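Novice:
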Amino acid sequence: MKKFMTKEGKRILAFLCAGLMVASLAGCGKNKTQTDSAQKEFYYVPTYKDFKADAEYFSAILQNGDKLLMVGNKWDQAVETSSNALFQYDFSTEELQERYLDLPENASVRQSFLNEEGNLIAVVDWYEGSQTTADGDEAVGLVDTEEAVLPDEPIDPGFTAGSEAEYTYHTDLYVLSTEDGSVISTENFDVLDENSYIQYMLTDGEGLIYLITDQSIEVVSTQGEKKTSIDLSGNWVNSAFTAGGKIYVCMWGGEGFEIYPVDSTIKTIGSPIKSDSLNKNYGLNFYENDGTQVLVSDGTTVYSYDPAEDKSEALFDWLDADINSDDVQDIGKLSDGRYYVLTRAYSGDSSYDASYSLVLLTKTPASEVQQKEEITVGALYINQDLRKNIIDFNKSSNKYHITVKSYNTDDYTTGVTQFNNDIVSGTGPDIIDITNIDYNQYASMGVFEDLYPYMDKAGINRSDYLENVFKAYEIDGKLYAVIPQFVISTTMVKASKLSSPGWTLSEMLDFVEQNNVENIFDYGSRSMVFYYCIYNNMNEFMNWETGESSFDGEDFARVLEFAAKFPDDEDINYSTEGDGISAKIRGDKVLLMQTSFDSVQEYQMYNGLFGEKVNFIGYPDVDRKGNMITSTSGSVAINASSKHKDGAWAFVSTLLSDEYQEGLVAENSMSYGFPVKRSALEKQFAKDMEKEYTTDANGNQVEQMKTSWGYDDYEMDIYAATQEEIDAVRTIIESAEKASTSVNEELINIITEETGAFFKGQKSAKETADIIQNRVQIYMKEHS
């Protein structure tokens, strides 16, 4: 597996992890993001069915009445060939049957659908050819489509790839029986070349086939005759569906995600439906239903939707049904009113570990559902990890049930304002996601509950965990948040340039003045300087406990002078021409590189990128401890005003459990952070040190790479880590004692507004610093 990060992508990621996310403590707002709903009359209760399909993946999932048909790819490792099978689940008998599809060996089913007769219509790719073996004999057979390397242009029949091999590429339209998998008919299907990616394959009420690709919509007959082509003008189709015999596509438009009808007679997509019934700011996924209606999910709620009338009806929320919307592959309604949901959950860090599950949702009166104590989780955005943790808790708890209050609305400011008002007034949710808020400000205001007494009562030994991570989120000796997983936000420099383990802001500015400013950062800007020198270390300039600030000091004035040497963000030329970051660093054209790293493997990659020993010196800090703890998604606090603190702690404590912490250990290469429990971290280190072997041509065991990493112009094969590398990463982790948290948006606005005149030469650095100091003091008094 290869990990690769572009220059721009990693730069942005590093900023985010170092604290670019901002929170606003705005004034009181009148609009509430989510009104308290009345007691629900019905719930959709999940039932999990035994569903074990022997397939690597499903290329198509199709509903046929009360039966679910899935086209699956099967891999036989013993003979290294793949085959295709049709799986059919009968909801009335709850039986899963598997039928072999009579397709060429190693054929690939691009897309498929069911016709009116219930037969499977499939676009199938396959190759045939011959290859000369080492002894000169001709090996004739089909070619593995997974291993074949295709040219940029379509292959003509009879194509000869030199004297070693010759292959013939085929794309055919198959009609297959769903009863026994036999071929009913086949047609040559050369409408698309092999490089075209078919996103969706649908049929309308006239029997025409619509092939929706990344470039166009190709309309063809069932005999493969091309009828028309509709150019999508570079627009990416987010979803597509059939309703009432008509084809619709969902694409990003002027008002968010918009739904467009497709009319093959005029060779274009129509005007978007002026929909007011769906949330158009988030990706919409459509699933075909009966007649004129479809099912649509916005990631939070499932609706029944009629595109002809633009009418929708909310059916259920995914979290209420204990289903992770990220895992959903298909939804459908059965004749008895139940809904089925096919999910694919990833049990490890590789897609090959994915398994499918089948869930049935039954509409049940609230009086018949076991009542549990309701615990609320509030967040500006419900991220993937938090969502999964909530679902896992709800499934396992017989006493508590978590509901979510999301403040993520069309109007960001309104959502943030209400979030702050609810928390500060004491009426907020029981559990608070701290990912995108100014943690220090809230904690100093007494909003959060101290978690140390809960840990002590539960017998949780603090020394079993990385206490420096706890310390990073302590205020006055009290711990206000649980950080189950984290990354290290830092600054890297050649050890030959700077060998000290850390530096103060004054020392950092001295280093800057001794070097060419153009060589300090890659794509440096004024805002970047402020984030680097100020926003990542606001506690040095602001003390919420005492209400004091120090923006009128010498260091802040020096930062202003330093920032003035850089352009505004909009004036930066992010050209991809010229040297990449590795070449710049090795040639001393870039001296400081900001990043965040979440694994030993990434640490290995950075040392390779620099070409010599790297010093993870961190950000400027008065104690010279500038490596910072950045919480990953899923970090939470308990509201001090909550009436359900025991229930809130029941959820929060699961994040520190052995089961959860050891579940964070990456088996292979996909790490998303370091676990906070020492035993889990050491297991991760042991995994990183495990050597992997392969057998060479002479039958000898030789070490092979575990994965490969890439960053901009640099790529590196990653092998098992050495003890020295493990010790170095452990030292960096244990040196981090401060948290990189979100920065208050209003404070950023104050600095941005007042520095404008300085950058234009209208005010001195001293005058600017004094004005900022005065405004910040007023702000702190108003919000303490």
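Sequence positions in the sequence shown follow mature numbering (1 follows the signal peptide of the UniProt record, and there is no 0) and run -26 to -1, 1 to 758.
Even for Gly, the Cβ is constructed at its ideal location relative to N, Cα and C.
Nothing here was measured: the structure is a model prediction, and the numbers come from that model.
(1) Would you call the segment 685 to 695 and the segment 569 to 580 in contact, with 3 or more CB pairs under 8 Å?
(2) For residue 438, does the three-state DSSP call read helix, strand or coil?
(3) If you draw a straight line from the C-alpha of residue 131 to the C-alpha of residue 143, how long is it?
(4) Sort out for me which residues DSSP pairs residue 49 with in a bridge.
(5) Compare the beta carbon distance of residue 715 and residue 412 with 8 Å and say whether it is the shorter of the two.
(6) Would a C-beta distance cut-off of 8 Å place residue 292 and residue 270 closer than the cut-off?
(7) With H, G and I counted as helix, E and B as strand and the rest as coil, what does DSSP make of residue 23?
(8) Please classify residue 765: does DSSP put it in a helix, a strand, or coil?
(9) Mind the definition here: the segment 524 to 539 touches the segment 492 to 507 only if three or more C-beta pairs lie below 8 Å; say whether that holds.
(10) Please classify residue 759 as buried or exposed, where buried requires at least 16 other C-beta atoms within 10 Å of its C-beta.
(11) Count the other CB atoms within 10 Å of the CB of residue 749; is the residue buried (16 or more) or exposed (fewer)?
(12) Considering only C-alpha positions, which residue in the set 467, 84, 268 and 236 is nearest to residue 100?
(13) Would you please state the rounded distance, in angstroms, between the beta carbons of residue 790 and residue 391? I believe it to be under 8 Å.
(14) Give me, in chain order, the residues of the same chain whose beta-carbon lies closer than 6 Å to that of residue 306; leave out the 5 immediate sequence neighbours on both sides.
(15) Quick one: residues in its chain with C-beta nearer than 8 Å to the C-beta of residue 694, no 5 flanking neighbours on either side, listed in chain order?
(16) Alpha carbons only, please: which of 400, 710, 741 and 237 is nearest the one belonging to residue 769?
(17) Specify, as a first and last residue, the run of the alpha helix (DSSP H) that residue 747 falls within.
(18) Between which residues of its own chain and residue 260 is the CB-CB distance below 6 Å, once the five residues before and five after are set aside?
(19) Where do the N-terminal and C-terminal ends of the beta strand (DSSP E) with residue 403 fall, by residue?
(20) Flag this pair as yes or no: are the beta carbons of residue 351 and residue 407 separated by less than 8 Å?
(21) Does the separation of the CB atoms of residue 415 and residue 718 fall below 8 Å?
(22) If we call anything under 8 Å between Cβ atoms a contact, is residue 699 one with residue 446?
(23) Could you check the C-alpha separation between residue 708 and residue 658 for me, to the nearest Å?
(24) What does the alpha-carbon distance come out to for the pair residue 341 and residue 92?
(25) Which term fits residue 621, buried or exposed, when burial requires 16 or more other beta carbons within 10 angstroms of its beta carbon?
(26) Return the CA-CA distance between residue 288 and residue 434, expressed in angstroms with no decimal places.
(27) Tell me whether the segment 56 to 76 and the segment 361 to 375 touch, counting them as touching only if at least three CB pairs, one residue from each stretch, are closer than 8 Å.
(28) Tell me the residue span of the beta strand (DSSP E) that contains residue 568.
(29) Measure the C-alpha to C-alpha separation of residue 449 and residue 417 and round it to an integer number of angstroms.
(30) Under 8 Å, do residue 403 and residue 379 count as touching if we go by C-beta distance?
(31) Just confirm the distance between the C-beta atoms of residue 61 and residue 46, as a whole number of angstroms; I'd bet it's less than 8 Å.
(32) So which of 162, 188, 222 and 170 has the shortest CA-CA distance to residue 177?
(33) Any beta-carbon of chain C closer than 8 Å to the one on residue 487?
(34) Applying the criterion that 16 or more other CB atoms from any shown protein chain within 10 Å of the CB defines a buried residue, is residue 281 buried or exposed?
(35) Give the single residue among 27, 301 and 308 whose Cα lies nearest to the Cα of residue 65.
(36) Among 531, 423 and 200, which one has its Cα closest to the Cα of residue 611?
Specialist: In short:
(1) yes
(2) helix
(3) In this prediction, residue 131 scores a pLDDT of 37, lower than 50, which makes its location untrustworthy; the coordinate-derived value is nonetheless stated afterwards. Spanning the two alpha carbons is a distance of roughly 7 Å.
(4) 56
(5) yes
(6) no
(7) strand
(8) Outside the displayed span of the chain (-26 to 758) sits residue 765, for which this structure offers no information.
(9) yes
(10) In the structure displayed, the chain extends from -26 to 758; residue 759 sits before or after that span and is not available.
(11) buried
(12) 84
(13) The structure shown does not extend to residue 790, since the chain is modelled only from -26 to 758, so the question has no answer here.
(14) 37 and 314
(15) 662, 663, 664, 665, 666, 677 and 680
(16) What the structure shows of the chain is the stretch from -26 to 758, and residue 769 is not part of that stretch, so it cannot be assessed.
(17) 739 to 756
(18) 213, 215, 268 and 270
(19) From DSSP, residue 403 is part of no beta strand (DSSP E); its letter is neither H nor E.
(20) yes
(21) yes
(22) no
(23) 16 Å
(24) 41 Å
(25) buried
(26) 43 Å
(27) no
(28) 567 to 571
(29) 7 Å
(30) yes
(31) 5 Å
(32) 222
(33) Protein chain content of the structure displayed is limited to a single chain, and chain C is not contained in it.
(34) buried
(35) 308
(36) 423
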